[in-house]
Amino acid sequence: MSWLFLSVAIAFEIVGTVAMKMSDGMTRLWPSLAVVACYLVAFAMLAQALREIEVGVAYAIWSAVGTAAIAAIGIWVFGESLNFLKLAGILLIVAGVVSLRMSGGGA
1 MSWLFLSVAI
11 AFEIVGTVAM
21 KMSDGMTRLW
31 PSLAVVACYL
41 VAFAMLAQAL
51 REIEVGVAYA
61 IWSAVGTAAI
71 AAIGIWVFGE
81 SLNFLKLAGI
91 LLIVAGVVSL
101 RMSGGGA
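Per UniProt numbering, the sequence shown runs over residues 1 to 107.
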């Protein structure tokens, strides 16, 4: 169950970050409210995940998956640049997440 909590935390963090981009510097009401709501849920779910998953593993996976997903969304949805170095970085993040998950770390 803790991995489900972590997955939900990651999903809400990603949606919250996309809403932050759409909030135009927190000047648009609805996207700004979505940012606050999504981050509240994300941290609440992360807290539940930490009951069984080691904090280093959970936080590394949470932040790495979020970072890779936001980079990909930035490229595909917001038309941000893609180059070899950015792609290599995303692939290294994914490799790091896989190795952390394989290391155990609880639950």
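Note that CB positions come from ideal geometry on N, CA and C, so glycine has one too. From a predicted model like this one, the values you see are computed outputs, not experimental measurements.
Between residue i and residue j, what straight-line distance do the alpha-carbon atoms span, to the nearest angstrom?
{"i": "Y39", "j": "F84", "result": "31 angstroms"}
{"i": "G95", "j": "G89", "result": "In the sequence under discussion, the amino acid at residue 95 is Ala, which differs from the Gly named in the question. Rounded to whole angstroms, A95 to G89 spans 10 angstroms at the Cα level."}
{"i": "S32", "j": "V77", "result": "19 angstroms"}
{"i": "S2", "j": "R28", "result": "34 angstroms"}
{"i": "E80", "j": "G74", "result": "5 angstroms"}
{"i": "M22", "j": "V98", "result": "30 angstroms"}
{"i": "A34", "j": "M26", "result": "10 angstroms"}
{"i": "G56", "j": "S103", "result": "12 angstroms"}
Please list, in chain order, all residues of the same chain as residue i whose beta carbon is under 6 angstroms from its beta carbon, the five residues on each side excluded.
{"i": "E13", "result": "A42 and G66"}
Residue i: which of the options sits nearest, CA to CA?
{"i": "A19", "options": "E54, V57, V36 and M45", "result": "V36"}
{"i": "I10", "options": "V77, S103 and A64", "result": "A64"}
{"i": "A60", "options": "L100, V8 and A34", "result": "L100"}
{"i": "Q48", "options": "V8, M26, A34 and W30", "result": "V8"}
On the premise that residue j lies in contact with residue i, defined as a C-beta separation below 8 angstroms, what is that separation, rounded to the nearest angstrom?
{"i": "W62", "j": "L46", "result": "6 angstroms"}
{"i": "L6", "j": "A58", "result": "6 angstroms"}
{"i": "I93", "j": "A68", "result": "5 angstroms"}
Quick one: residues in its chain with C-beta nearer than 8 angstroms to the C-beta of residue i, no 5 flanking neighbours on either side, listed in chain order?
{"i": "I70", "result": "I14, T17 and V18"}
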